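**Student:** Top to bottom, those sequences are chains H and P. The first sequence: position 289 = 289 (this note's numbering), numbered continuously. The second sequence: position 430 = 1430 (this note's numbering), numbered continuously. Ideal Cβ positions, reconstructed from N, Cα and C, are used throughout, including at glycine. All figures in this text were calculated on a predicted structure; none of them were measured in a lab.
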Amino acid sequence: MGYGRYLAIRLLNALLVLALVTLLVSVLFTKVAEEDLKSSIQEQINMKLRANPELMKQLSADPERFQQWYQNEYNRLIRAYGLDKPFWVRVLERTKDTLTLNFGNTKTPIFGETNVKKIIAAAIPRTVLLFTTAQIIVILIGLLLGVKAAQVAGSALDRAVSIIAMLTSSIPMWWFGMIAILIFSFKLGWFPSGGMTSTPPKEGFAYYTDILYHMVLPVGTIVFVLFGGWAWTTRNIMIGTMQEDFIMAARAKGVPERKVIYGHALRASAPPIITMTIFSLLGSLGGAIITEGVFNWPGMGRLYWTALQQNETRLLMGVTFVTVALYLISMILADLAYGYLDPRVKVGASQQT
Amino acid sequence: MRWVDVKESIKDFWFEFRRQKGGLLGLFLLALLVFTAIAAPYITEPDIPKKWTTYWEGNPTNVPPVWYNYFTAKKLAAHEVFTYNDLKVTAEGQDLGGGIKYYAFEFDYNNRYDLPPKDLIIKNIGVQLADLNTPAQIVITVYRPDGKKIELLSADLVEGSIYQLAKMGAVRNNVFNWASQFEDPKNLQGRVETIKSTMDVMEVIFAKAEPGILINPQPLHGDYKFQVEIFTFNKGDKVDLKPVQIILTGRTYGLMGTDYKGRDLWAGLVWGTRVSLVVGVSVAVLSVLIGIAYGVTSAYLGGWKDEFMQRVNEFVASIPTLPILILLGAAFKGHVTLWTIVFLLVMFGWTGIAKVARSMALQIKEQTYVEAAKALGAGTGRIIFKHIMPQIMPYAFAVMALSVPGAVLTEASLSFLGLGDPTAVTWGQILYDAQTNSATINGYWWWVIPPGLAISLVALTFVLIGVALDRVLNPRLRRL
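(1) Based on the DSSP output, what are the partners of residue 1157/P in its beta bridges?
(2) Any chance the segment 1312-1326 of chain P sits against the segment 309-325 of chain H, with 3 or more Cβ pairs inside 8 Å?
(3) For residue 186/H, which of helix, strand or coil comes out of DSSP?
(4) So, using beta-carbon positions, are residue 1459/P and residue 1405/P closer together than 7 Å?
(5) Reducing DSSP to helix, strand and coil, say where residue 340/H ends up.
(6) If contacts are defined as beta-carbon pairs under 8 Å, then residue 292/H and residue 301/H qualify, I think. What distance do you get, rounded to the angstrom?
(7) Express the C-alpha separation of residue 1266/P and residue 217/H in angstroms, rounding to a whole number.
(8) Can you pull the chain P neighbours of residue 14/H, defined as C-beta to C-beta under 9 Å?
(9) Report the option in 1420/P, 1292/P, 1397/P and 1343/P whose CA atom is closest to the CA atom of residue 1358/P.
(10) Measure the C-alpha to C-alpha separation of residue 1318/P and residue 5/H and round it to an integer number of angstroms.
(11) Out of curiosity, what's the CA-to-CA distance linking residue 203/H and residue 197/H?
(12) Name, please, each residue of chain P whose Cβ falls closer than 7 Å to the Cβ of residue 171/H.
(13) From residue 48/H to residue 30/H, what distance separates their C-alpha atoms?
(14) Using a Cβ-Cβ cut-off of less than 7 Å, list which residues of the segment 219-236 of chain H approach chain P; keep chain order.
(15) On the three-state DSSP scale, how would you describe residue 158/H?
(16) Which residues, taken in chain order from the segment 1401-1417 of chain P, show a beta carbon closer than 7 Å to some beta carbon of chain H?
(17) Between which residues of its own chain and residue 1242/P is the CB-CB distance below 7 Å, once the five residues before and five after are set aside?
(18) Please confirm whether residue 1463/P has its beta-carbon closer than 7 Å to some beta-carbon of chain H.
(19) Once DSSP output is grouped into helix, strand and coil, what is the label at residue 1448/P?
(20) Taking the DSSP output, what are the residues bridged to residue 1119/P?
(21) Please report the straight-line C-alpha distance between residue 1467/P and residue 7/H, rounded to a whole angstrom.
(22) Give me the chain P residues within the contact set of residue 323/H, using Cβ-Cβ distance strictly less than 8 Å, ordered along the chain.
(23) Could you check whether the Cβ of residue 181/H sits closer than 7 Å to any Cβ belonging to chain P?
(24) Check the Cβ of residue 1452/P against every Cβ in chain H and list those closer than 8 Å, keeping chain order.
(25) Which of the three DSSP states, helix, strand or coil, is assigned to residue 1397/P?
(26) Which same chain residues end up closer than 7 Å to residue 1480/P when comparing Cβ atoms and leaving out the 5 residues on each side of it in sequence?
(27) Report the residue ranges of all beta strand (DSSP E) runs contained in full by the segment 176-231 of chain H; include only those spanning at least 3 residues, in chain order.
(28) Alpha carbon to alpha carbon, how far is residue 1410/P from residue 352/H? Give it in angstroms, no decimals.
(29) Below 7 Å between beta carbons: does that hold for residue 1179/P and residue 1213/P?
(30) Output, in chain order, the set of chain P residues within a Cβ distance shorter than 8 Å of residue 246/H.
(31) Using a C-beta cutoff of 7 Å, does residue 1445/P count as contacting chain H?
(32) Roughly how many whole angstroms lie between the Cα atoms of residue 172/H and residue 298/H?
(33) Do the CB positions of residue 1059/P and residue 1260/P come within less than 7 Å of each other?
(34) Would you mind working out which of 1256/P, 1121/P, 1371/P and 1201/P sits nearest residue 1449/P, comparing C-alpha positions?
(35) Since residue 186/H meets chain P, which of its residues come closer than 7 Å, beta carbon to beta carbon?
(36) Taking any Cβ of chain P, which residues in the segment 289-314 of chain H have a Cβ under 9 Å from it, in chain order?
Put into structure tokens, the structure is as follows:
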């Protein structure tokens, strides 16, 4: 199987997942819309009845006629709203809306907006800001620590990395966020307990330092929970590479140890490490989203939390669809990067079959 | 396999496993968790899951555990409940003439605390009135250790009356009037109404009778005697003191404190073990079994069937789990059961294992003994289950243990988002309540820390066991 075919299959896969999610979202969408419309239809009939006392008097005298009139009125409106069409036709119509990101409006304004598309557009950059910052720090700490641990395998540092990795991988990230708020915000009062800016937001340069100040706790939480696993993975990959013959050769040549590690070993370990980066990024996205909600950070995580709390089904569907789409795009990018970084994938793969 | 072989291999396994310190710690923790889960009804009460969805009447809300007192300068009163056996009945139906009957009981309360109970509640006095127009009369008096007495309340008593002393205006009046004789008039000047409406009634009752009693009450330790007297005015009236309940609402409660509904968090923690273990273990076992069966079948069948099965696997693997789970959870909101969650987690959880199992099976398939079995005429099922599966099982055990943490954490995350089984007592749901009631910014640490620690403990237990199993069982296959 060549690299091109491999990529084509991955792409097809992503499209299939997206189609499935679109369908799922559309089915749920149709159901919610149907419930909304039905209650609004009943409301409209009641309004009509109340606005016309004469009719009400006539109808209340004869319950059978009232029943008939009500049924007629109801059927007329059902037809007018297109609810008489078969379920799957409406689902298909909704699918078009979903694919064009037309999710409708929320019941109450969020971030001063009711249009779901605009709300999500406002939230994405904020999530990216928080999550990318945290991830860069995690990668830096993880790489340095992992390489150091691999260098002195079996030492106290190495064991400490393994233990930290085991401990932190057992912690729910969002819970650790709550603990961070409890300690650093409630007890010590060093950092704000949530939000992205002070209220009201500061002006000029202070605005950016204020955001940084608000980022400390959430970023710290994500970093603390993820760096151990990172360091451990790097260590394992590095230890594997250090046993290769070319490292022995480099050492025998008299290349300085620093250069052996950072120049030879780390470079050879780069492809798996980088793919691990992207996949762990994707994997930790879920946890980070909930953590965001805990810190009241006005990004995608907060939207999930708000949507669930306030029963904003349209918002929830929009957020889910966008998250899944972003996830799939990053996955394709990861595949692309892997093939680019590690030529063995292409050659090896085509030799296998 | 003969029984002797099984015994031998278990012995060998144990010999190796014994050297894994982390694994032994994990086993110990697992035993502890399983014991807690099984003994939950005996450690706490058997009807906790039923009680959990309701408000716990009479319990203080949002108070820390009793042992918190070891770390604070000011000692906070514990929660105490007195029932009939703790009371000293001094008069039961004594005839005072003119149809008036007299009942009285006393109870002692030793105040060792700097902050007294939040409230004193007297309820369930079994009174039956012959005529509702002539209610009975209740008089509540307290005799303090310094010899002074306060008449707290004199009020009507009808069926079902509940007296929450700290919340009653009459008690507030009486206590204020009694205490103001000790207070420095300077302190009261022009502020009588403010002080009266803001003072903590219970603190004043349990304070030293000295200037400052109203504005800055100092605790008076010692034995307090509360006397409750009941007068009935109709011959037909009956009073039964047996069901009487007296609650001194604490400022601390039990081993783990309480939440916003007054629920005992200790009970929630103990019962939460069950859900966490059951979900974690059943998801892990089911997904590993399904994954291995899938992977092995795929490898064995080969050709286009293998290709197809791999595509299906990749398809499921590339579905981002959490967003879809959230969407489904929201769609079935309120009707989600634990088994729904298990089912959903298994549905997304088998893919990784299937992939590894396939690659292992591909190797085993080429072994000569499989060829031999085939030559002898063994069927597909026999080869898969008798020859390939047993080779993969050791790996399976390690993977099972290692996939429990993920399941436990995902279940907790779903509950934390409010999408769990609403009838089950889970740690994630306790944390959800904590989050929606702003427990973190109010500093209710006893509500936030223990459930999360418990989740982490379960996850860690299985990580430890899994890593140890992996080292012992797969020295050869570890690198696959």
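**Tutor:** On the basis of the supplied data:
(1) On the second sequence, residue 1157/P is found 157 positions in, with the first residue counted as 1. In the DSSP output, where bridge partners are listed per residue, residue 1157/P has 1136/P.
(2) yes
(3) For the purposes of this step, residue 186/H is taken as the residue at position 186 of the first sequence. In the structure shown, residue 186/H sits in a helix (DSSP, three-state: H, G or I).
(4) For the purposes of this step, residue 1459/P is taken as residue 459 along the second sequence, with counting starting at 1. For the purposes of this step, residue 1405/P is taken as residue 405 along the second sequence, with counting starting at 1. The answer is yes: Cβ separation under 7 Å.
(5) By 1-based counting over the first sequence, the position of residue 340/H is 340. Helix at residue 340/H.
(6) Here residue 292/H corresponds to residue number 292 of the first sequence, with the count starting at 1. Here residue 301/H corresponds to residue number 301 of the first sequence, with the count starting at 1. Right, their Cβ atoms sit about 3 Å apart.
(7) Here residue 217/H corresponds to residue number 217 of the first sequence, with the count starting at 1. Here residue 1266/P corresponds to residue number 266 of the second sequence, with the count starting at 1. Between residue 217/H and residue 1266/P, the C-alpha separation is close to 29 Å.
(8) Taking the first sequence and counting its residues from 1, one reaches residue 14/H at position 14. Residues of chain P passing the Cβ test: 1318.
(9) Here residue 1358/P refers to the residue found at position 358 when the second sequence is read from its first residue. Measuring from the Cα of residue 1358/P, the nearest candidate turns out to be 1292/P.
(10) Your numbering for residue 1318/P matches position 318 in the second sequence. Your numbering for residue 5/H matches position 5 in the first sequence. Distance between the alpha carbons of residue 1318/P and residue 5/H is about 18 Å.
(11) Sequence index remark: in the first sequence, residue 203/H carries index 203 (1-based). Sequence index remark: in the first sequence, residue 197/H carries index 197 (1-based). Each residue's alpha carbon lies about 11 Å from the other.
(12) For the purposes of this step, residue 171/H is identified with residue 171 of the first sequence, where counting begins at 1. Going along chain P in sequence order, the residues near residue 171/H (Cβ under 7 Å) are 1456.
(13) Translated into the one-based positions of the first sequence, residue 48/H becomes position 48. Translated into the one-based positions of the first sequence, residue 30/H becomes position 30. Cα-Cα distance, rounded: 26 Å.
(14) none
(15) In the first sequence, the residue the question calls residue 158/H occupies position 158. Helix.
(16) 1405, 1409, 1412, 1413, 1416 and 1417
(17) In the second sequence, counting from the first residue as 1, residue 1242/P sits at position 242. Taken in chain order, the residues that qualify are 1084 and 1126.
(18) For the purposes of this step, residue 1463/P is identified with residue 463 of the second sequence, where counting begins at 1. Interface residue, yes.
(19) Sequence index remark: in the second sequence, residue 1448/P carries index 448 (1-based). The answer is helix: DSSP assigns residue 1448/P an H, G or I state.
(20) The residue given as residue 1119/P occupies position 119 in the second sequence. Residue 1119/P is bridged to 1249/P.
(21) By one-based count along the second sequence, residue 1467/P stands at place 467. By one-based count along the first sequence, residue 7/H stands at place 7. Cα to Cα, the separation comes out at about 34 Å.
(22) In the first sequence, the residue the question calls residue 323/H occupies position 323. Near residue 323/H (Cβ distances below 8 Å), the residues of chain P are 1320 and 1323.
(23) Translated into positions along the first sequence, residue 181/H becomes position 181. Output row for residue 181/H: interface = yes.
(24) Here residue 1452/P refers to the residue found at position 452 of the second sequence. The answer, in chain order, is 171, 172, 175, 176, 178 and 179.
(25) The residue you call residue 1397/P lines up with position 397 of the second sequence. Helix.
(26) Position 480 of the second sequence, counted from the start, is the residue given in the question as residue 1480/P. Caution is warranted here: a pLDDT of 31 is assigned to residue 1480/P, below 50, making its placement in the model unreliable, and the coordinate value is therefore given only provisionally. Same-chain partners within the cutoff: 1356, 1359 and 1360.
(27) none
(28) The sequence position of residue 352/H within the first sequence is 352, counting from 1. The sequence position of residue 1410/P within the second sequence is 410, counting from 1. Caution is warranted here: a pLDDT of 42 is assigned to residue 352/H, below 50, making its placement in the model unreliable, and no coordinate value can be reported.
(29) Indexing the second sequence from 1 puts residue 1179/P at position 179. Indexing the second sequence from 1 puts residue 1213/P at position 213. The answer is yes: Cβ separation under 7 Å.
(30) Position 246 of the first sequence, counted from the start, is the residue given in the question as residue 246/H. Ordered by position in chain P, no residue passes the 8 Å Cβ test against residue 246/H, which lies about 19 Å from the chain.
(31) Here residue 1445/P refers to the residue found at position 445 when the second sequence is read from its first residue. Judged by the 7 Å Cβ criterion, residue 1445/P is in contact with chain H.
(32) Counting from one through the first sequence, the residue named residue 172/H turns up at place 172. Counting from one through the first sequence, the residue named residue 298/H turns up at place 298. Looking at the two C-alpha atoms, the distance is approximately 21 Å.
(33) Taking the first residue of the second sequence as 1, we reach residue 1059/P at position 59. Taking the first residue of the second sequence as 1, we reach residue 1260/P at position 260. No; because the gap between Cβ atoms is not below 7 Å, this pair is not in contact.
(34) Translated into the one-based positions of the second sequence, residue 1449/P becomes position 449. The shortest Cα separation from residue 1449/P among 1256/P, 1121/P, 1371/P and 1201/P belongs to 1256/P.
(35) Here residue 186/H refers to the residue found at position 186 when the first sequence is read from its first residue. Those are 1440, 1441 and 1443, listed as they occur along chain P.
(36) 289, 290, 293, 294, 304, 305, 307, 308, 309, 311 and 313
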